[in-house]
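S.K.:
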Amino acid sequence: MSNHRSDEKVFRDIVHNFIYVTDKPILDLINTKEMQRLRRIKQLGTSYLTYHSAEHTRFTHSLGTYEIMRKVLSIFQRNGLLNIDEDERLLYLCSALLHDIGHGPFSHAIEKVIDRNHEEWTKEIIEGDTEINKVLRGVDANFPKYISDIISKVSSKKLIINLISSQLDVDRMDYLLRDSIVAGVSYGHFDLERLLRVLIPYNDIVVVKESGLHCVEQYLLARYYMYWQVYFHPTTRSAEIILKKIFERAIFLYKNDEIKDYFLPKPIKSLLKNDLSLEEFLKLDEIMVLYCFKEWTNSKDEILSDLCNRFINRRLFEYIDCKESVLKEPMLFFEIQECLKELYDKKGIKLEYYFDIDRPRDVSYDYYRPGEKEEKVAINIYSGTKIVELSRKSKPVSALAGEELIQHRIYYVSDMIGKDDSKLKEILNKISGVK
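The sequence shown begins at 423 in our numbering and counts up one residue at a time.
1. I need the straight-line Cα distance from residue 801 to residue 586, nearest angstrom please.
2. With three or more C-beta pairs closer than 8 Å as the rule, is the segment 658-666 touching the segment 777-790?
3. Might you give, ordered along the chain, the residues of its own chain that have their beta carbon closer than 7 Å to the beta carbon of residue 810, omitting 5 neighbours on each side?
4. Starting from the C-beta of residue 608, find all residues in its chain whose C-beta is less than 8 Å away, skip the five residues before and the five after it, and write them out in chain order.
5. Would you list the one or two residues that DSSP bridges to residue 821?
6. Our contact map puts residue 765 next to residue 846 with C-beta atoms below 8 Å; I'd like the distance itself, whole angstroms only.
7. Taking Cβ positions, are residue 831 and residue 744 nearer each other than 8 Å?
8. Determine, using beta-carbon pairs with one atom in the segment 487-495 and one in the segment 566-573, whether at least three such pairs fall under 8 Å.
9. By DSSP, does residue 535 sit in helix, in strand, or in coil?
10. Terminal residues of the continuous alpha helix (DSSP H) containing residue 450?
11. Whether or not the segment 507-527 and the segment 623-638 are in contact is what I'm after, with contact meaning three or more pairs of Cβ atoms, one per stretch, closer than 8 Å; do they touch?
12. Using the three-state DSSP reduction, which class does residue 515 fall into: helix, strand or coil?
13. Out of 683, 709, 711 and 673, state which residue places its alpha-carbon closest to the alpha-carbon of residue 697.
14. State the Cα-Cα distance for the pair residue 639 and residue 825, rounded to the nearest angstrom.
15. Nearest by alpha-carbon distance to residue 668: which of 693, 650 and 439 is it?
16. Could you tell me which of 473, 448, 547 and 681 sits nearest to residue 514, measuring between CA atoms?
17. By Cβ distance below 8 Å, which residues in the same chain neighbour residue 695 in space, the five residues on each side in sequence not counted?
18. Leaving out five residues on either side along the sequence, give the residues of the same chain with a beta carbon under 7 Å from the beta carbon of residue 688.
19. With three or more C-beta pairs closer than 8 Å as the rule, is the segment 535-550 touching the segment 723-732?
20. Which residues mark the beginning and the end of the beta strand (DSSP E) in which residue 777 is found?
21. In angstroms with no decimal places, state the Cα-to-Cα distance between residue 654 and residue 429.
22. Please state whether DSSP places residue 439 in a helix, a strand or coil.
23. Would you tell me roughly how many angstroms separate the C-alpha atoms of residue 467 and residue 532, rounded to the nearest one?
24. Checking the sheet assignment: what are the DSSP bridge partners for residue 809?
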């Protein structure tokens with residue numbers, strides 16, 4: 423194949439030790455400006471305000487996802503489990519490398535502000551007037567469309583989709599390990615090399631050898647712990663809420679023509695107008711957003727200035743966990759909101775910018791049940807003659823399967839109203855279960 427490199431490029435990596443690139447299109451993609459932009463996008467969004475070492479980027483994760491896909495293909499081909507030509511092999515690798523190319527500043531947190539998710543931007547970057555598109559068209563004129571369809575999950579290449587986006591995919595395998603290492607926690611650890619060796623392609627999905635049952639249990643438990651101990655950490659969520667409030671205030675000021683004298687790079691201005699072009703989106707990164715926040719700390723608008731100061735200097739909102747019985751007493755939510763509004767009004771504070779109810783939720787493992795409208799691709803165990811859905815073979819997984827876990831937290835600012843108000847204390851104690 424004319425695009426194949428004769429020399430090997432090696433990247434040192436905290437998870438995989440070495441990442442190997444032997445295909446020229448992969449190296450060319452890595453060197454595009456769209457891919458390099460991911461060096462300026464944090465993988466874990468605002469988690470660095472919780473775990474001080476969690477400063478890694480979408481770029482490193484993308485390389486890691488590519489490397490796991492490369493290893494999977496190598497194992498499949500060595501063992502005679504997958505017969506693909508060089509063009510299709512490249513399709514697997516490029517799709518893995520580019521799966522997150524559409525992420526914006528602070529990753530998922532910014533999607534609550536920009537009215538488009540990262541998959542939509544990914545598709546536009548791959549098919550648009552970009553360096554990535556040019557590299558892909560150098561392989562085949564239809565290559566950008568092939569990869570875009572895979573990431574959009576509309577491709578006929580079901581096995582590639584399953585490997586990139588499922589409940590047992592190369593994306594999750596990399597980010598669980600990588601996020602765990604950089605955060606300095608052990609929750610996300612599992613035996614990656616063993617897990618890869620027990621995977622088998624079967625009718626366009628990936629199944630697990632029966633001997634790998636405990637390994638996949640370890641992987642799912644790692645996912646469970648990482649979501650509740652890292653991704654949904656209340657401090658991280660507090661920072662995300664403030665980030666959202668900053669943009670809500672900036673959008674309000676822009677609509678009322680009260681922000682024209684502020685520092686506003688064109689991409690930020692278009693973001694506030696909800697009119698981002700692809701070119702402007704690709705100029706957005708965390709350097710630009712944080713510089714705006716620093717400038718806005720000197721804003722004439724006290725709310726915008728205070729919120730930006732809170733984010734930049736890590737003066738986050740306080741939170742309180744709600745006891746389970748509160749979910750059956752919605753009037754308590756109303757009571758605390760009214761109490762806070764009364765206290766805020768006395769201090770001239772706008773409730774909508776200094777109060778939020780957060781409801782992080784997750785299903786650690788889900789699967790298809792007869793009669794459901796939407797079929798979910800389960801993780802299946804292969805016994806040699808048939809496949810069996812994982813939760814039927816595993817007691818730990820059956821305990822997790824299909825159960826949506828929800829945590830309710832109330833976020834507020836005690837430093838602006840004082841913690842000693844007796845009425846506030848009484849309601850907060852009711853909600854938290856403190857007697």
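Backbone N, C-alpha and C define an ideal beta-carbon position, used for all residues, glycine too.
M.R.: In this structure, then:
1. 14 Å
2. yes
3. 802 and 803
4. 602
5. In the DSSP output, where bridge partners are listed per residue, residue 821 has none listed.
6. 6 Å
7. yes
8. no
9. coil
10. 446-452
11. no
12. helix
13. 673
14. 16 Å
15. 693
16. 448
17. 676
18. 702
19. no
20. 777-780
21. 43 Å
22. strand
23. 9 Å
24. 804
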